[in-house]
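A.B. asks: In terms of the working numbering, the sequence shown is residues 5 to 291. First the structure, then my questions, so here it is.
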Amino acid sequence: MTSQTIAQTIKACASVLDNHDGSLTFNEPSLEAKILVGHCVKKTFSQLIVDANEYIHADIQLNIKRCIERRLAGEPIAYIIGHQPFWTLDLDVSEHTLIPRSDTETLIETVMNLPIADDASVVDLGTGTGAIALSLSSEKPNWQVLGIDFKQEIIELARRNALKNGLKTTFLQSDWYHALNGLRFDLIVSNPPYVESDSPYLNQGDLRFEPRSALTSGDHGLADIKTIITQGKMHLKKGAYMVLEHGATQAMPITKIFLEQGYSQISTIADINGLDRVTLAVFDKPL
Numbered sequence: 005m006t007s008q009t010i011a012q013t014i015k016a017c018a019s020v021l022d023n024h025d026g027s028l029t030f031n032e033p034s035l036e037a038k039i040l041v042g043h044c045v046k047k048t049f050s051q052l053i054v055d056a057n058e059y060i061h062a063d064i065q066l067n068i069k070r071c072i073e074r075r076l077a078g079e080p081i082a083y084i085i086g087h088q089p090f091w092t093l094d095l096d097v098s099e100h101t102l103i104p105r106s107d108t109e110t111l112i113e114t115v116m117n118l119p120i121a122d123d124a125s126v127v128d129l130g131t132g133t134g135a136i137a138l139s140l141s142s143e144k145p146n147w148q149v150l151g152i153d154f155k156q157e158i159i160e161l162a163r164r165n166a167l168k169n170g171l172k173t174t175f176l177q178s179d180w181y182h183a184l185n186g187l188r189f190d191l192i193v194s195n196p197p198y199v200e201s202d203s204p205y206l207n208q209g210d211l212r213f214e215p216r217s218a219l220t221s222g223d224h225g226l227a228d229i230k231t232i233i234t235q236g237k238m239h240l241k242k243g244a245y246m247v248l249e250h251g252a253t254q255a256m257p258i259t260k261i262f263l264e265q266g267y268s269q270i271s272t273i274a275d276i277n278g279l280d281r282v283t284l285a286v287f288d289k290p291l
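The following block contains the structure:
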């Protein structure tokens, strides 16, 4: 690769993304080029502008080329650069976790509108990067927030994200409620696996690279949700809330599960695109 300035490199990378022959379409090739080049040269967007005429060293050019090749193969930018913004935070990501998505911010907004005490105890099941748990901690510093996931490497990543963002959220390795030993909470939240295992969407876009264990669930995508709702009755205080993210067509069956398990005050909230995304319920009769 010949020696180029930052501006020339961004333009060349955007052209490669925009004109490649593969099946992928990059809606914002210029933006993606800026993100990848900025990552490799360790500069912010504003620094890329100020230093536009600075030449890039050959070994960094090679690294940029590798990043572009990974992107052309469809690998998500978040995995390439190792982090992703979510809510007001910047979160490290890994191949063990889902990439935090703006859809999940609907869950955060929903929780922020609930009448929950300032000293509430909260558990986030399947915390992944810690996106939900850490966002709630950032908004409600007096809440006692616990994030749960089943792999130790995921828990370690979430703890690093807490440290990175200056938050005191607690994380614990557990298979759903297994390690909670009868603890009860004012709020249970989760973005669980809810995609059907044979869904064609699993072979499209970013989902091809994300861990199936964090995406798919049996029983038409409802198996883990059923577990969370059913077993949650033993971990909710009287009048406590459960708030779940789910697929756009799952609100009705989830509402049915909540009703069958004795929950009340059930409602569904749409995301920014108008799709059903979050369903919440109250449990008034703890076991």
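For glycine and all other residues, C-beta sits at the position ideal for the given N, C-alpha and C.
Around the C-beta of V54, are 16 or more other C-beta atoms found within 10 angstroms, so that it is buried, or is it exposed?
C.D. replies: The residue in question, V54, is exposed, as its Cβ has fewer than 16 Cβ neighbours within 10 Å.
A.B. asks: Measure the alpha-carbon distance for V20 versus A11 and round it to whole angstroms.
C.D. replies: Distance between the alpha carbons of V20 and A11 is about 14 Å.
A.B. asks: I'd like to know if the region 118-126 and the region 135-150 are in contact, where contact means that at least 3 CB-CB pairs between them fall below 8 Å.
C.D. replies: These segments touch.
A.B. asks: Is the Cβ-Cβ distance between A162 and G186 less than 7 Å?
C.D. replies: Not a contact, by the Cβ cut-off of 7 Å.
A.B. asks: Tell me where the beta strand (DSSP E) around L93 begins and ends.
C.D. replies: It spans 93-96 - the beta strand (DSSP E) in which L93 sits, taken as one unbroken run.
A.B. asks: If you count every other CB in all the chains shown that lies within 10 Å of the CB of D228, and 16 or more means buried, which is it?
C.D. replies: The residue in question, D228, is buried, as its Cβ has 16 or more Cβ neighbours within 10 Å.
A.B. asks: Can you tell me whether F90 is helix, strand or coil according to DSSP?
C.D. replies: Here F90 sits in strand by DSSP.
A.B. asks: Please identify the residue among M238, A218, S139, A285 whose C-alpha is closest to the C-alpha of I103.
C.D. replies: Comparing Cα positions, the closest option is A218.
A.B. asks: Out of S34, G225, L167, I14, which has the shortest C-alpha to C-alpha gap to E249?
C.D. replies: Closest option to E249, Cα to Cα, is G225.
A.B. asks: Looking at the strands, I want to know which residues DSSP matches up with E249.
C.D. replies: DSSP output for E249 lists V282 as bridge partner(s).
A.B. asks: Verify whether the separation of the beta carbon atoms of L111 and Y245 is less than 7 Å.
C.D. replies: No, the Cβ-Cβ distance between L111 and Y245 is not below 7 Å.
A.B. asks: My guess is that I14 and A37 are in contact by the Cβ rule of under 8 Å, so how many angstroms apart are they, rounded?
C.D. replies: So it is a contact: roughly 5 Å between Cβ atoms.
A.B. asks: Taking Cβ to Cβ, would you say I276 is nearer than 7 Å to T114?
C.D. replies: No, these two residues do not count as a Cβ contact at 7 Å.
A.B. asks: Give me the Cα-Cα distance between D190 and I136, rounded to the nearest whole angstrom.
C.D. replies: When rounded, the distance between both Cα atoms is 16 Å.
A.B. asks: Taking 8 Å as the cut-off, does the region 250-264 touch the region 277-291 (at least 3 CB pairs, one atom from each stretch)?
C.D. replies: Yes, the region 277-291 touches the region 250-264.
A.B. asks: To the nearest angstrom, how far is it from the Cα of D94 to the Cα of N169?
C.D. replies: When rounded, the distance between both Cα atoms is 7 Å.
A.B. asks: If S194 and L171 are in contact, beta carbons under 8 Å, what's the gap, nearest whole angstrom?
C.D. replies: Between L171 and S194 the Cβ distance is about 19 Å, and since that is not below 8 Å, they are no contact.
A.B. asks: Which of helix, strand or coil does DSSP assign to Q269?
C.D. replies: Strand.
A.B. asks: Taking just the CA atoms, how far does Y181 sit from L240?
C.D. replies: Looking at the two C-alpha atoms, the distance is approximately 11 Å.
A.B. asks: Distance check for D288 and S268, CA to CA, integer angstroms please.
C.D. replies: When rounded, the distance between both Cα atoms is 8 Å.
A.B. asks: Within this structure, are the beta carbons of I72 and H43 separated by less than 7 Å?
C.D. replies: It is not a contact, given that the beta carbons lie outside the stated cut-off.
A.B. asks: Do the CB positions of I159 and F175 come within less than 7 Å of each other?
C.D. replies: Against a cut-off of 7 Å, the Cβ pair of F175 and I159 comes out as a contact.
A.B. asks: Pull up the DSSP beta-bridge partners for G4, would you.
C.D. replies: Only positions 5 to 291 of the chain appear in the structure, and residue 4 is not among them; the question remains open.
A.B. asks: What residue ranges within the region 33-115 form continuous alpha helix (DSSP H) runs of no fewer than 4 residues, ordered along the chain?
C.D. replies: DSSP runs (the alpha helix (DSSP H)) wholly in the region 33-115: 33-45, 49-54, 62-76, 81-85.
A.B. asks: N165 to V247, Cα distance in whole Å?
C.D. replies: Going by the C-alpha atoms only, they are around 23 Å apart.
A.B. asks: Give the secondary structure of F262 by DSSP, where H, G and I count as helix, E and B as strand, and everything else as coil.
C.D. replies: Of the three classes helix, strand and coil, the one that applies to F262 here is helix, per DSSP.
A.B. asks: Cα-Cα, which of K230, V45, G209, A255 is closest to T9?
C.D. replies: Nearest of K230, V45, G209, A255 to T9, Cα basis: V45.
A.B. asks: So, at 6 Å on beta carbons, what are the nonlocal neighbours of F90 in its own chain, with the 5 sequence-adjacent residues on each side left out?
C.D. replies: Within the same chain, F90 has close Cβ partners P104, A135.
A.B. asks: In whole angstroms, give me the CA-to-CA distance for F49 and K242.
C.D. replies: Spanning the two alpha carbons is a distance of roughly 49 Å.
A.B. asks: Strictly by DSSP, which residues pair up with I192?
C.D. replies: In the DSSP output, where bridge partners are listed per residue, I192 has V127, M246.
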